[in-house]
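These notes concern the structure reproduced below.
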Amino acid sequence: MGQTRKMVQPSSHADWSSGGKRKMRRGGAVGVGIEENILAIFDDSHDSQYSHDDRLAFLEAVRATSIVAEDRTPPTTKMFETIFQIFRTEKSLELIMASFQLLNELEQSFPRVYSDAGAASKASSTSQPELVVDEEAWSPFTLTADSERATSKGSSAKTIGPSAFHRIIQDLAAELNDTSVQPSDIRSLRNMLLFQYLVTVLEGEFLARMSIYKETMQWTIIRESTLNILLGSRRINYKGLLKDCLSVICGLHKILAGCGDGLKFSEASTEKSSKDSRTSLAIALPEVEEGTCTVMQKLMIMIMELDILKKQADIKCFTTRADGVRTPLLETILDEVTYDAGNLSTVLQVFNHPKWKLELVLQYFSKYIVKPTVRTRRRLSDSAEDATFHGTLRSLGNMNSVRSVVKKISAEAVQLLLAHGFQAHLALSSKHYQYDDISDSKAKDSSLREISEEMISAFNNLRKTDGHMEILPIAREALFVASIILSRKP
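Number 91 in the numbering used here belongs to position 43 of the sequence shown; there are no gaps in the numbering.
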């Protein structure tokens, strides 16, 4: 079985812990003398006219020793905390962007958790890769209740706890969807960048853990992930967090699509800023909004991946009562678009990852397509096919089924679901995607010609339910592609 190798600082030798798990002691971070010299540049005890330049010089000094230098060494915990403090407290756009960029570069150069496939290959050709965890490395997250309480009483700029993480998303949702909320100065832009950085940290660790888990099937590897601990914290309203995530991504998508006004800075804040600063903010904001929308989708996809892994672990009895029970994110999304059909189109456009778009379409249809109450032996063997796009289209080839679905939702919703489902199926059928995930078999259920024929047949039946039905532009595109596929010689 694969092992979790834990790293601790500061000495540079290796030892063996009890239980056979190897602990690596990596070389320390930058030396004490270098740390003192670099931190001396950043003097938080004064607020002079030179403080802005001092902070820029500090960030550049850290970058020089940890990113640019040939013998790169990670910053110390205090240096990391100082960078993070600059990022979270400074009001200068230049300082915010510089510290944000440096934090991301450091995250890429010195990951806290990673897969060490090389060590396994040296040990044995049949060995599985190891998960290396640097337990002493600085993290922007505080996950224990005691640590979070201590942080809330002290400097809130040093780390982020579960409740603070949820508040960041809540603030973004409020600013994007409540016109009565007026963002103050540069706080909204900083919150979006902070959210992007935190998700980058979560993603790097989760992907490394998920890769090792698929090799070893050791549920502890996923259970101990920061994402799983964060979502399982009692200090957040889990369902509220999921709804806020959906609200943010839909709000940002509408802004980027030109349907919203975007975040605006209040007059009180802009009057205090120079003209150049206001211009810089105006230029930076659209790009930051787009980046935040992309990162929010990454977070939601990670949560859905985690939901699937937990479900699989439950089936194999890997989990315990301590793992708790959480409502899968996909179910929350389905509930939200069911109660607010106006969000269906936005959600389908937002989730451009074909695997999850197809999963969403199939689960939405499964709520409204009536399944036979009595199944013969042959029908039982076909039950797995019902959960595929081919099975859904086959069901909609029946006029009674189409009429039933249209009564429960609407012809427009059916068009949207079919068009986006067809789009996702085509993407998953291409060579650019590997078929090793949960929904991939649903994209390989039938040939493209068969799918195209059933797609056109489903739309013909849909037209029969309403002779005056207008075909949506995205549905027209899907039908056009289906016609092209059928026009080609087999």
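Glycine included, every Cβ here is placed at the ideal spot set by N, Cα and C.
Nothing here was measured: the structure is a model prediction, and the numbers come from that model.
Counting only residues of its own chain and dropping the five nearest sequence neighbours on each side, T367 has a CB closer than 6 Å to the CB of A361. Restricting attention to K346, A332, E118, D388, the CA atom closest to the CA of E142 is found in A332.
Pairing A472 with V161, the inter-Cα distance amounts to about 32 Å. In terms of CA proximity to R536, S500 leads the group T248, S500, S478, V296. With 16 or more other CB atoms across the displayed protein chains lying within 10 angstroms of its CB, G299 is buried. Per DSSP, the continuous alpha helix (DSSP H) segment holding S259 begins and ends at 235-264. Two segments are said to touch when three or more pairs of C-beta atoms, one from each, lie closer than 8 Å; by this definition the region 235-244 touches the region 330-350. Inter-segment contact for the region 112-126 and the region 208-224 is absent: fewer than three beta-carbon pairs are separated by less than 8 Å. When V110, L496, E502, L466 are compared, the shortest CA-CA separation from S477 is found for L496.
Less than 8 Å divides the Cβ of L464 from the Cβ of L520.
Sorting D383, L275, A459, V373 by C-alpha distance to the C-alpha of A523 places A459 at the top. The beta-bridge partner set that DSSP reports for Y162 consists of V180. Each of L357, L241, N276 was checked against the Cα of L250, and the nearest Cα belongs to N276. Beta bridge pairing from DSSP links F189 with I208.
Counting along the chain, V116 sits inside no alpha helix (DSSP H), nor does DSSP assign it H or E at all. Pairwise C-beta distances place the region 344-351 in contact with the region 250-260, as three or more of them are shorter than 8 Å. Taken through DSSP and simplified to helix, strand or coil, I532 comes out as helix. Only residues of its own chain outside the window of five on either side were considered, and among them L377, T380 have a CB closer than 7 Å to the CB of L290, listed in chain order. Closest option to I533, judged by alpha-carbon separation, among T513, F470, L510: F470. Of the residues Y387, L354, V181, the one whose Cα lies closest to the Cα of V373 is L354. Residues of the same chain with a CB within less than 8 Å of the CB of K287, apart from the 5 flanking positions on each side, are T375, T380 in chain order.
Its chain contains E178, V180 as the residues whose beta carbon lies nearer than 6 Å to that of D164, once the 5 sequence neighbours on both sides are disregarded; these appear in chain order. Cβ contact annotation for C341 (same chain, cutoff 7 Å, sequence separation greater than five): I297, L300, H301, L304, in chain order.
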